[in-house]
Amino acid sequence: MSKKVAQFTNRFLDISETFIYEPLRLMKKFKPVVFCFQKRNQDKFPYDSIYCLNDLPEKEQKKNQFLAAFGQEKYFTNLIKQNEIRVLHAHYGFGGIYALQFKKKNSNLKIIVNFYGLDVYQHTKSPLYRWQLRQLFKKGDLFLVCSEKMSQDLIKLGAPKNKVKVHYGGADLKKIKYSCPKQGDEIVFLMCGRFVEKKGFKYGIEAFLRCCAKNNNIKLKVIGHGTLEQALKKIVTQSKYQNRVEFLGALNHSEYLTEIEKCNVFISPSVTAKNGDQEGLPTVLIESAAIGRPLIATNYSGIPEIVHHKQNGLLVKEQDIAGLSAAIDYLAENKKLWSRYAEYGRKLVEKNFDLIKQTEKLEEYYQKLIE
Numbered sequence: 163m164s165k166k167v168a169q170f171t172n173r174f175l176d177i178s179e180t181f182i183y184e185p186l187r188l189m190k191k192f193k194p195v196v197f198c199f200q201k202r203n204q205d206k207f208p209y210d211s212i213y214c215l216n217d218l219p220e221k222e223q224k225k226n227q228f229l230a231a232f233g234q235e236k237y238f239t240n241l242i243k244q245n246e247i248r249v250l251h252a253h254y255g256f257g258g259i260y261a262l263q264f265k266k267k268n269s270n271l272k273i274i275v276n277f278y279g280l281d282v283y284q285h286t287k288s289p290l291y292r293w294q295l296r297q298l299f300k301k302g303d304l305f306l307v308c309s310e311k312m313s314q315d316l317i318k319l320g321a322p323k324n325k326v327k328v329h330y331g332g333a334d335l336k337k338i339k340y341s342c343p344k345q346g347d348e349i350v351f352l353m354c355g356r357f358v359e360k361k362g363f364k365y366g367i368e369a370f371l372r373c374c375a376k377n378n379n380i381k382l383k384v385i386g387h388g389t390l391e392q393a394l395k396k397i398v399t400q401s402k403y404q405n406r407v408e409f410l411g412a413l414n415h416s417e418y419l420t421e422i423e424k425c426n427v428f429i430s431p432s433v434t435a436k437n438g439d440q441e442g443l444p445t446v447l448i449e450s451a452a453i454g455r456p457l458i459a460t461n462y463s464g465i466p467e468i469v470h471h472k473q474n475g476l477l478v479k480e481q482d483i484a485g486l487s488a489a490i491d492y493l494a495e496n497k498k499l500w501s502r503y504a505e506y507g508r509k510l511v512e513k514n515f516d517l518i519k520q521t522e523k524l525e526e527y528y529q530k531l532i533e
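In structure tokens:
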């Protein structure tokens, strides 16, 4: 197994970044080494080839060491030489910008950059970042995006069309088993993600609470944590239906997959944040479709590429509480649709979002660049 590839990320890994870890775990032809500034959550993301610039105490890891590390490129330059790295795969646009300096020292080094969302939408408000991106687009070799929509947006920013590839995230279909939602007395809706503005949980919770008066057999479970946690809980505690909403906290990957299996319908009410941040294509939607759960989601960004309206779920406008409520009511009242939506969603994932196939494609990209 070749180790001529390195993956580079600021932190390895934040708890939500299973989309970086899972392909690493599944690779067969390559065993990339990982370069990072900080290590996090090693119990959840075990990996044996990590070179970390700063093994800091936990309290220090909360500080952003990214900018401070710009003057310490010698550490990574030596690692690239020692490990005979031919391809450096950087995660996020700012990771790619940092990685460019190593190409200056080694013209044969190939640079791949994965873009995910905030690096295409939020950070591009900065003139400096846009200038840095233009340099990256000139000198980088391949740019991977997680949706057709993001591909169009990256090209608008100046990325050469021939260097941009849509590379979907995926679900490990050997691990994630399909099942139709069970039709019991209680209908469980589920939301999962970081408690940040772009996830739109505020709108999902308010929409659900509106439905409680009409539907006395529905329940909402919410997985995650983040800066908006208290604000979201306040919305619930101020409602007379607070006993219908349960916050489960942050769960690891296997735990949250179990909760998806236990639910009947998955909700993703994402929005464009005030700072411009947007979703790419949430992995949790792919995994929920793979498990066989009908989806309710926002019709924006790359989401319509996994949620096909009235085929495996329902799409609503951003911040549309009334639309979300109507979708919740509709799927609560039409259980007969669940199995059809579930079957369509699984087949869609098998066709476009099979993580094993997507990982094989990623390894093909590596091989072509090495050749």
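Residue numbers (the numbering used here): 163 to 533. All residues carry an ideal CB built from backbone N, CA and C; glycine is no exception. As the structure is a computational prediction, the values presented were derived from the model and not from experiment.
Beta-ladder partner(s) of residue i, from DSSP
i	result
Ala252	Phe170, Val275
Cys354	Ile385
Phe305	Val275, Val326
Asp516	Ala333
Gly366	Answer is none; Gly366 lacks a bridge partner.
Val164	Note that residue 164 is Ser in the sequence shown, not Val. The partner list for Ser164 (beta bridge, DSSP) reads Phe192.
Ile380	Ile349
Cβ shell of residue i (< 7 Å), same chain only, five flanking positions each side left out
i	result
Lys225	Caution applies to Lys225, whose pLDDT of 47 falls short of 50 and renders its modelled position unreliable; the value that the coordinates give is listed next. If we look at Lys225 and ignore the five residues flanking it on each side, it has no Cβ neighbours.
Met189	Thr521, Glu525
Leu218	Caution is warranted here: a pLDDT of 44 is assigned to Leu218, below 50, making its placement in the model unreliable, and the coordinate value is therefore given only provisionally. Contacts found: Gln200.
Ser401	Leu371
Ile212	Phe174, Val196, Cys198, Lys201
N-terminal and C-terminal residue of the beta strand (DSSP E) that residue i is part of
i	result
Ile212	212 to 214
Lys236	Per DSSP, Lys236 belongs to no beta strand (DSSP E); it is in the alpha helix (DSSP H), 235 to 244.
Leu410	407 to 411
Gln200	195 to 201
Environment of residue i [buried if 16+ CB atoms lie within 10 Å]
i	result
Gly255	buried
Arg406	buried
Pro431	buried
Cys354	buried
Gln204	exposed
Gly411	exposed
Asn270	exposed
Asp516	buried
Ala281	Ala is not the amino acid found at residue 281; the sequence shown has Asp there. Asp281 is buried by the Cβ-count criterion.
Arg455	buried
Leu175	buried
Val350	buried
Arg292	exposed
His471	exposed
Gln314	exposed
Lys361	buried
Asn426	buried
Ser341	exposed
Gly320	exposed
Residue i - containing alpha helix (DSSP H), residue span
i	result
Phe428	Here Phe428 belongs to no alpha helix (DSSP H); instead the beta strand (DSSP E) covers 427 to 430.
Gln400	Counting along the chain, Gln400 falls outside any alpha helix (DSSP H), and DSSP gives it neither H nor E.
Lys311	310 to 318
Thr420	415 to 424
Cut-off 6 Å between Cβ atoms - residues of its own chain near residue i, not counting five sequence neighbours on either side
i	result
Cys214	Cys198, Lys201
Val398	Gln404, Val407
Gln169	Pro194, Val196, His251
Ile259	Gln294, Leu298
Ser164	Phe192
Neighbourhood of residue i by C-beta distance below 8 Å, restricted to the same chain and skipping five residues each side
i	result
Leu531	Arg248, Val249, Lys272, Ile274, Asp303, Leu304
Asp347	Asn379
Q: Please specify which runs of the beta strand (DSSP E), each continuous and at least 3 residues long, are wholly inside the segment 441 to 511, giving them in chain order.
A: The qualifying runs are 457 to 460, 475 to 478.
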